[in-house]
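Taking it in order: structure first as structure tokens, then the write-up.
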Amino acid sequence: MRQESSGSSKNPDTTSKPDKMSKYSRANVKKSVRGYVFTRFFDYLTNYDRVLEKKFPAAMHVYRVFMVGIKDFFADTKKFLKIIRITNTAPGGLKALTRKEMELYHQMPRDMRKIAPVLLISALPFANYVIFPLAYMYPRHFLTSHFWDLRQKSEFQQLYLKERITHNRRIFRYLQAKLEQLRPVPEDFTKFSNILGLLGSGLHPTAREILAVSPIFARAPYKMSSLSSGHVATLCHLHDVRTGLLKRARLTERFMLFKHMDRAIKHEGGVHNMTPDSLKHACYLRGLNPTNLSNEQMIDWLREWVTVSLAVDTETMSLFFHLPILIAYNHPNNWILTHK
Numbered sequence: 009m010r011q012e013s014s015g016s017s018k019n020p021d022t023t024s025k026p027d028k029m030s031k032y033s034r035a036n037v038k039k040s041v042r043g044y045v046f047t048r049f050f051d052y053l054t055n056y057d058r059v060l061e062k063k064f065p066a067a068m069h070v071y072r073v074f075m076v077g078i079k080d081f082f083a084d085t086k087k088f089l090k091i092i093r094i095t096n097t098a099p100g101g102l103k104a105l106t107r108k109e110m111e112l113y114h115q116m117p118r119d120m121r122k123i124a125p126v127l128l129i130s131a132l133p134f135a136n137y138v139i140f141p142l143a144y145m146y147p148r149h150f151l152t153s154h155f156w157d158l159r160q161k162s163e164f165q166q167l168y169l170k171e172r173i174t175h176n177r178r179i180f181r182y183l184q185a186k187l188e189q190l191r192p193v194p195e196d197f198t199k200f201s202n203i204l205g206l207l208g209s210g211l212h213p214t215a216r217e218i219l220a221v222s223p224i225f226a227r228a229p230y231k232m233s234s235l236s237s238g239h240v241a242t243l244c245h246l247h248d249v250r251t252g253l254l255k256r257a258r259l260t261e262r263f264m265l266f267k268h269m270d271r272a273i274k275h276e277g278g279v280h281n282m283t284p285d286s287l288k289h290a291c292y293l294r295g296l297n298p299t300n301l302s303n304e305q306m307i308d309w310l311r312e313w314v315t316v317s318l319a320v321d322t323e324t325m326s327l328f329f330h331l332p333i334l335i336a337y338n339h340p341n342n343w344i345l346t347h348k
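Quick note, the sequence shown lines up with residues 9 to 348 if you use this note's numbering.
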């Protein structure tokens, strides 16, 4: 009996020794060290971008700009390809698109042409060390809006619009120069003379007054086929359409796209249902500088535009191309932009 009790009292001591020994055994220590090193290494990799940002802030900023920009650009490219499929397969073509899809359909081809040289050159060995910093230094010329920050987007949009509306005065002169050819029809001459007089006095005609003279733009001297090559080229500059051969055909395509876009605005609830950012973008596209305008002011202006645009057809589409002159020529925001 004594031997059994003594044997049982020694048992805890004998089992604890091997446990202690196994805890600090070579295998366990090695395993713990590996786990610690792996954890620290994983944490280092996870926070490596922060380490680089502290050591090389400028380089990391460029890296982030390009990574985010490329991600956004390829996302829009996928959307654009989907839109192309819709326009090619849907019975209504462009009519099947939403307003936002039409805006992307309008913008992406020029964005793709603009960014293609940068992406192609960057694929060459070591070329990215040159092309990325160069593009970052001149983002307006080499990059698209996907790579711009909010300040750059606002600044560059105004610069692009300024380049377009600097042609307004020349187009106004073209309209004035052909007025005398309307004299054989006194009523048309009087109506359009009054409109040009308003523009010359710093005012704008109303949508109703513009629609009253819309038949004038369906015949000479103001219909599209009667306009001189210089007049058409200046309209191309105003509407950001490439000149050269087939410029009239490209203007016609632009008219159809924007007419569908304006129709989509109406079908989606009207101008007053658009977000502030959408209102600003719509004003920029149509030739008005929306900087510092209230939502109500942008809505009022776009409502006038849409009213006229939806009443124009292929016979009177010349009126559509002159619409930025008729309703925005004397707008204070445009004058500030062109004269500063």
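Even glycine gets a Cβ: it sits at the ideal position worked out from N, Cα and C.
The shortest C-alpha to C-alpha distance from P298 to any of A124, P194, V320, I344 is the one to I344. Here the stretch 187-197 does not lie against the stretch 149-162, with fewer than 3 beta-carbon pairs under 8 Å apart. Boundaries of the alpha helix (DSSP H) harbouring M145: 136-145, taken from the DSSP string.
Fully enclosed alpha helix (DSSP H) runs of no fewer than 4 residues occupy 107-130, 136-145 of the stretch 71-149, in order along the chain. In the DSSP assignment, G295 falls outside any alpha helix (DSSP H), carrying neither H nor E.
The Cβ neighbour count for V221, taken over all protein chains shown within 10 Å, is at least 16; the residue is labelled buried. DSSP, reduced to helix, strand and coil, places P284 within a helical segment of the structure shown. According to the DSSP assignment, T260 belongs to the alpha helix (DSSP H) that extends over 255-275.
Exclusion of the five residues before and after F164 leaves R148 as the residues of its chain whose Cβ lies within less than 6 Å of its Cβ. About 5 Å separates the CB atoms of S326 and K231; that is less than 8 Å, so the two are in contact. For A257, the closest C-alpha among the options S233, R107, D80, K90 is that of S233.
Distances from the CA of S130 to each of I78, N300, N281 were compared; the closest alpha carbon is that of I78. In the structure shown, the three-state DSSP call for H245 is helix. If you draw a straight line from the Cα of A241 to the Cα of Q166, it comes to about 22 Å. In the DSSP annotation of this structure, the continuous segment of the alpha helix (DSSP H) that includes L327 starts and ends at 325-336. Per the coordinates, the alpha-carbon of E217 lies some 40 Å from the alpha-carbon of R93.
CA-to-CA, the gap between F150 and P223 works out to about 43 Å. In this structure the stretch 102-117 touches the stretch 269-288; the number of beta carbon pairs closer than 8 Å is three or more. With respect to the C-alpha of G205, the residue from N136, R181, R227, A226 having the closest C-alpha is R181. For N303, the enclosing alpha helix (DSSP H) covers residues 303-317.
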